[in-house]
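Below: the structure, in structure tokens.
There are 4 protein chains.
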Amino acid sequence: MKQNAESRKTKTVNKTKNRLKKIAILEGALEVFGEKGFEATTITAICKSAKIADATLYEYFESKEDVLFSIAEHYTRQHLDNMKRVSHFIHNTREKMRLIIQSYLEFYEDNPLYSSVALLNLKGSRSFLKSPAYQVVREASRSIVDAFNEGVEKRIYRDDIDGYLVRNLVLGFIEHLTIQWLLVKRPDKISLFRDTIFDMVMQSIEKKS
Amino acid sequence: MKQNAESRKTKTVNKTKNRLKKIAILEGALEVFGEKGFEATTITAICKSAKIADATLYEYFESKEDVLFSIAEHYTRQHLDNMKRVSHFIHNTREKMRLIIQSYLEFYEDNPLYSSVALLNLKGSRSFLKSPAYQVVREASRSIVDAFNEGVEKRIYRDDIDGYLVRNLVLGFIEHLTIQWLLVKRPDKISLFRDTIFDMVMQSIEKKS
Amino acid sequence: MKQNAESRKTKTVNKTKNRLKKIAILEGALEVFGEKGFEATTITAICKSAKIADATLYEYFESKEDVLFSIAEHYTRQHLDNMKRVSHFIHNTREKMRLIIQSYLEFYEDNPLYSSVALLNLKGSRSFLKSPAYQVVREASRSIVDAFNEGVEKRIYRDDIDGYLVRNLVLGFIEHLTIQWLLVKRPDKISLFRDTIFDMVMQSIEKKS
Amino acid sequence: MKQNAESRKTKTVNKTKNRLKKIAILEGALEVFGEKGFEATTITAICKSAKIADATLYEYFESKEDVLFSIAEHYTRQHLDNMKRVSHFIHNTREKMRLIIQSYLEFYEDNPLYSSVALLNLKGSRSFLKSPAYQVVREASRSIVDAFNEGVEKRIYRDDIDGYLVRNLVLGFIEHLTIQWLLVKRPDKISLFRDTIFDMVMQSIEKKS
DNA sequence: CATGAATGAGAATTCATTCAT
DNA sequence: AATGAATGAATTCTCATTCAT
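Residue numbers (our numbering), protein chains in the order written: chain R, 1 to 209; chain E, 1001 to 1209; chain U, 2001 to 2209; chain X, 3001 to 3209.
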């Protein structure tokens, strides 16, 4: 009743504020999800970590699952933006694949909590596939297929294998390694293997001249 | 107020009949776990599927988690036995790797429910790693490392890459493909790719003469 | 699979309103405990008696046992306060012992439900001894030892018997009588015996001049 | 169908065998009840301790509660027999009271497991009062009243106090001390106090000449 | 007689979510 | 916008007891 004239202006300001708070909650949630896993994490624990009341979470998110999926969207978009930003300057086809592999490895290594959530909780989730957040993840992984297809066209890569198979190889390899690293804490740093991995992948997909 | 678990469990002296019933319960449980996932599965649903009363399950297993882990142990042992049986007749080093890849693919394809449980529920489980059942899974995956090391000794495979990295490549590749197949139902049959996958893996690890 | 208890309990910041509700629940619970005993009492019955939902109880207490122990603490503290308030005005040593005996008898008689809980459920509980609530009970019973020791110093009471033995005599006598009264409903009113009991106790402990 | 002619003879033999086995079960049960308490004790634990199958227990007892009550009956009858046997030789009235006090103290001290069951589990049980086993306990405690009344008649004891009050004093005193001993392990040996206790009781009830 | 096997009937607790303030 | 308080709805697991063999 009192707010009315300023309503529009306030809303714009609030939108930003809103987004910032959402991200703050996401970060608090990631902390807990990453350590305990999705099912073992309670709303109360998330809100404690985000320093808000339980009920407040529902002002920003629809459900616990929504929080989880939003984390995926937020972090994957960041990863995607990073890749795109660099990708813009790389014109060599092989180097594009190297970028992708390196980028994934470093992203996982730099964000172990998110990696944990993504690879241990989200990867096996059927409902995540149906969520809009998943599209961002898809977009990121599509870059592998694109990079491969470009190589096929340029007659660098084999034309007898499917791009999706290559995506499975690259992501499977990297993610399996990352899971190992997360759970068994071996190897110390996954990024150390970036060249070997790149090399092995290349061997798999390059045309034998 | 709670009590020590050991005071019970005196009943149920393991015999053959007992083992058969355990397996029957496991099969009923797999049905449900495979379709709904571990967390969404209730004891009641398992017992309905196994046609026993809820309380009866606890005569054979300690907890819902014990049922899950026992499934892994049971099926992986079968897979392992299969591999060993054939492996005995294969002396060619490269063919050993082919056997492993083919064997994994066919095992996953023939047991989609178990694959679902293994790859979507167990793979990301921290507690599974600590369970004795995990040792069987480890043993199976060790065959990859062994097969690779044999090839290194025979100067067939590259000696500049680590066996564990190869295991990550092979399992990561196969499992990622299988997950895709389980969740997105594409491709139709993963076993169709066995030769391509074998080929790609070989390219990665073989010495370039 | 279970979880640490502390992650919750952030809510429910103790205030006055809170304390009042706790007491209300305690009173509802006493009703049921007193009639059925601890083990036979269900959470549901307590909550029905307190007119709250089952889950609500856990916002105020940690467990059924916590409710029981809290009852003891609450009522014993009241009893203790009563005794202290009057005790302040009594300077005669013998009269102090009379106060204690009379006070216990009247307290038990006026709170039959609590007496039932205290004497039939708590008295034999090993875990109650370890709970903080027990300290209040201890404090109350210590008054007997103190009163006796004061009399020993003043050469009124025998110095050849131990204060703890006197406590056993007084409490044992009173409590045995109360249990009888609770279970067999005989005698009608235990407080009628206050003078005889006082007299008998005095005979036991006074110096024969 | 086969057994028929020998039926009667067998039965007689079995009766004895039967009683012995019952007692064996009772002893096994006492072990567990005494350590864990009635509610926390499971049938399975009792049967493990008695080295029989769970179902077998029900050939000898009607329920878990029946086992508990039978323990009380069995042990109290032993206690009672002991008292009677000695009592027969004691003609002095005061000495009869001494015998009772000493006998109770020694019985409790010699049978700590039974004391635990009797004082921590049975004493507060409403249903025990209605069981036939309780009559034996009553009979034992009646000896106190009898001994007192005899003293009143002989003008040794005060005639202004009720026998039941004396019973409450004696039993309450002894039992409170015993509970203390069981739970807090203090004093080391309750029987050491037999003379002091006897002395204190006498002071309470003897006529002041 | 003895028992292995099976189970019915709970019971305590947890937790995401709602809503009045 | 924020939240304290309340709860509905589930779910795992326990255990005394029965019965066919």
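Glycine is no exception: its CB is placed at the ideal position from the N, C-alpha and C atoms. This one's a predicted model, so the numbers in the text were calculated from it and none came from an experiment.
Q.
Would you say residue 3161 (chain X) lies against chain U (beta-carbon separation less than 7 Å)?
A. Stepping through the fourth sequence from its first residue, residue 3161 (chain X) is reached at position 161. Yes - at least one Cβ of chain U is within 7 Å of the one on residue 3161 (chain X).
Q. Does the region 1180-1198 of chain E touch the region 1066-1078 of chain E, meaning 3 or more C-beta pairs lie closer than 8 Å?
A. no
Q: Ignore the nearest five residues each way along the sequence and tell me which others in residue 108 (chain R)'s own chain have a CB closer than 6 Å to its CB.
A: If you number the first sequence from 1, residue 108 (chain R) lands on position 108. Correct list, in chain order: 115 and 178.
Q | Closer than 7 Å to chain R by CB, residue 1113 (chain E) | A | Taking the first residue of the second sequence as position 1, residue 1113 (chain E) is located at position 113. Chain R, which has no Cβ nearer than 7 Å to the Cβ of residue 1113 (chain E), makes this no.
Q | Where residue 1055 (chain E) falls, given that 16 or more other Cβ within 10 Å makes a residue buried | A | Position 55 of the second sequence, counting from 1, holds the residue named residue 1055 (chain E). Exposed is the call here.
Q | Sub-7 Å separation of residue 2050 (chain U) and residue 2025 (chain U) beta-carbons | A | Here the question's residue 2050 (chain U) lines up with position 50 in the third sequence. Here the question's residue 2025 (chain U) lines up with position 25 in the third sequence. Against a cut-off of 7 Å, the Cβ pair of residue 2025 (chain U) and residue 2050 (chain U) comes out as a contact.
Q.
Is residue 2204 (chain U) close to chain X? Criterion is C-beta to C-beta, closer than 7 Å.
A. Within the third sequence, the letter at position 204 stands for residue 2204 (chain U). Taking Cβ atoms only, chain X reaches closer than 7 Å to residue 2204 (chain U), which makes this a yes.
Q: Name, in chain order, the residues that DSSP records as bridge partners for residue 2157 (chain U).
A: Taking the first residue of the third sequence as 1, we reach residue 2157 (chain U) at position 157. The partner list for residue 2157 (chain U) (beta bridge, DSSP) reads U:2206.
Q. Which residues bound the alpha helix (DSSP H) around residue 1069 (chain E)?
A. Sequence index remark: in the second sequence, residue 1069 (chain E) carries index 69 (1-based). Run containing residue 1069 (chain E): 1064-1087, per the alpha helix (DSSP H) assignment.
Q | Neighbouring residues, chain R, relative to residue 984 (chain E) (Cβ below 9 Å) | A | For chain E, the structure presents residues 1001 to 1209; residue 984 (chain E) sits outside this window and is missing.
Q) For residue 1172 (chain E) versus residue 1093 (chain E), is the C-beta distance shorter than 7 Å? A) Within the second sequence, numbered from 1, the residue matching residue 1172 (chain E) stands at position 172. Within the second sequence, numbered from 1, the residue matching residue 1093 (chain E) stands at position 93. No. Outside cutoff.
(Q) Looking only at its chain, what residues have a beta carbon closer than 7 Å to the beta carbon of residue 195 (chain R), apart from the 5 residues adjacent to it on each side? (A) Numbered from its first residue, the first sequence carries residue 195 (chain R) at position 195. Same-chain partners within the cutoff: there are none.
**Q.** Contacts of residue 1200 (chain E) in chain R (Cβ-Cβ under 8 Å)
**A.** Here residue 1200 (chain E) is taken as the residue at index 200 of the second sequence, counted from 1. In chain order: 161, 165, 169, 204 and 205.
Q.
Taking 7 Å as the threshold (beta carbon to beta carbon), is residue 3034 (chain X) in contact with chain U?
A. Locating residue 3034 (chain X) in the fourth sequence gives position 34, counting from the first residue. Chain U, which has no Cβ nearer than 7 Å to the Cβ of residue 3034 (chain X), makes this no.
Q.
Output needed in chain order: residues of the region 97-124 of chain R with a Cβ under 8 Å from some Cβ in chain E.
A. 119, 120, 121, 123 and 124
**Q.** Short Cβ contact (7 Å threshold) for residue 3166 (chain X) with residue 3148 (chain X)
**A.** Sequence index remark: in the fourth sequence, residue 3166 (chain X) carries index 166 (1-based). Sequence index remark: in the fourth sequence, residue 3148 (chain X) carries index 148 (1-based). Yes, the pair counts as a contact, with Cβ atoms nearer than the cut-off.
Q.
If the cut-off is 8 Å on Cβ atoms, which residues from the region 2036-2048 of chain U count as contacting chain X, listed in chain order?
A. 2037 and 2039
Q) Do residue 1203 (chain E) and residue 191 (chain R) have their C-beta atoms closer together than 7 Å? A) One-based indexing of the second sequence puts residue 1203 (chain E) at position 203. One-based indexing of the first sequence puts residue 191 (chain R) at position 191. Result no, Cβ atoms of residue 1203 (chain E) and residue 191 (chain R) do not sit closer than 7 Å.
Q: Identify, in the order they occur along the chain, each residue of the same chain with its Cβ nearer than 6 Å to the Cβ of residue 1029 (chain E), setting aside the five sequence neighbours on each side.
A: Counting from 1 along the second sequence, the entry for residue 1029 (chain E) is found at position 29. 1046 and 1067.
Q | Secondary structure, alpha helix (DSSP H): runs of 4+ residues fully inside the region 20-62 of chain R | A | 43-50 and 54-60
Q. Which residues in chain X sit within 7 Å of residue 2126 (chain U), going by Cβ to Cβ distance?
A. Numbered from its first residue, the third sequence carries residue 2126 (chain U) at position 126. Under the 7 Å cutoff, chain X gives 3183.
Q) DSSP three-state call for residue 125 (chain R): helix, strand or coil? A) One-based indexing of the first sequence puts residue 125 (chain R) at position 125. In the structure shown, residue 125 (chain R) sits in coil (DSSP, three-state: anything other than H, G, I, E or B).
Q. How would you write the range of the alpha helix (DSSP H) that residue 3176 (chain X) sits in, first residue to last?
A. Here residue 3176 (chain X) corresponds to residue number 176 of the fourth sequence, with the count starting at 1. Where residue 3176 (chain X) is concerned, the enclosing alpha helix (DSSP H) stretches over 3163-3184.
Q: Quick one: give me the first and last residue of the alpha helix (DSSP H) that residue 3210 (chain X) is part of.
A: Here chain X covers residues 3001 to 3209 and nothing more, so residue 3210 (chain X) does not appear.
Q. Going by beta carbon distance, what residues of the same chain come within less than 7 Å of residue 2098 (chain U), once the five residues before and after it are set aside?
A. Start at 1 with the first residue of the third sequence, and residue 2098 (chain U) comes out as number 98. So the list reads 2198, once near-sequence residues are dropped.
Q. So is residue 2069 (chain U) in contact with chain X if we call contact Cβ pairs under 7 Å?
A. As a position in the third sequence, residue 2069 (chain U) is number 69, starting the count at 1. It does not: the Cβ of residue 2069 (chain U) has no partner Cβ on chain X nearer than 7 Å.
Q) From residue 124 (chain R) to residue 2058 (chain U), what does the alpha carbon distance come to, in whole angstroms? A) For the purposes of this step, residue 124 (chain R) is taken as the residue at position 124 of the first sequence. For the purposes of this step, residue 2058 (chain U) is taken as the residue at position 58 of the third sequence. Their Cα atoms are separated by approximately 34 Å.
Q.
Quick test of the definition: if touching needs 3 or more C-beta pairs under 8 Å, does the region 3072-3083 of chain X touch the region 3133-3145 of chain X?
A. yes
Q: Over the uninterrupted alpha helix (DSSP H) stretch that includes residue 2100 (chain U), give me the two end residues.
A: For the purposes of this step, residue 2100 (chain U) is taken as the residue at position 100 of the third sequence. Where residue 2100 (chain U) is concerned, the enclosing alpha helix (DSSP H) stretches over 2093-2110.
Q. Taking just the CA atoms, how far does residue 2043 (chain U) sit from residue 3113 (chain X)?
A. Working through the fourth sequence from its first residue, we reach residue 3113 (chain X) at position 113. Working through the third sequence from its first residue, we reach residue 2043 (chain U) at position 43. C-alpha separation (whole angstroms): 31 Å.
**Q.** CB contact flag (residue 1170 (chain E), residue 1144 (chain E), <7 Å)
**A.** By 1-based counting over the second sequence, the position of residue 1170 (chain E) is 170. By 1-based counting over the second sequence, the position of residue 1144 (chain E) is 144. Yes, Cβ-Cβ distance for residue 1170 (chain E) and residue 1144 (chain E) is below 7 Å.
Q) Taking Cβ-Cβ distances shorter than 7 Å, what residues in chain X pair up with residue 2196 (chain U)? A) Within the third sequence, numbered from 1, the residue matching residue 2196 (chain U) stands at position 196. Result: 3161 and 3165.
Q | Within chain R, partners of residue 1129 (chain E) - CB distance below 9 Å | A | Here residue 1129 (chain E) refers to the residue found at position 129 when the second sequence is read from its first residue. Near residue 1129 (chain E) (Cβ distances below 9 Å), the residues of chain R are 183 and 184.
Q: Return the residue from the list E:1081, E:1175 and E:1200 that minimises the CA-CA distance to residue 160 (chain R).
A: Against the first sequence, residue 160 (chain R) aligns to sequence position 160. Out of E:1081, E:1175 and E:1200, E:1200 has the C-alpha closest to the C-alpha of residue 160 (chain R).
Q) Alpha carbon to alpha carbon, how far is residue 3132 (chain X) from residue 3104 (chain X)? A) Counting from 1 along the fourth sequence, the entry for residue 3132 (chain X) is found at position 132. Counting from 1 along the fourth sequence, the entry for residue 3104 (chain X) is found at position 104. Straight-line Cα distance between these residues: approximately 21 Å.
**Q.** Separation of residue 34 (chain R) from residue 27 (chain R), as counted between CA atoms
**A.** Looking up residue 27 (chain R) in the first sequence gives position 27. Looking up residue 34 (chain R) in the first sequence gives position 34. Going from the Cα of residue 27 (chain R) to the Cα of residue 34 (chain R) covers about 10 Å.
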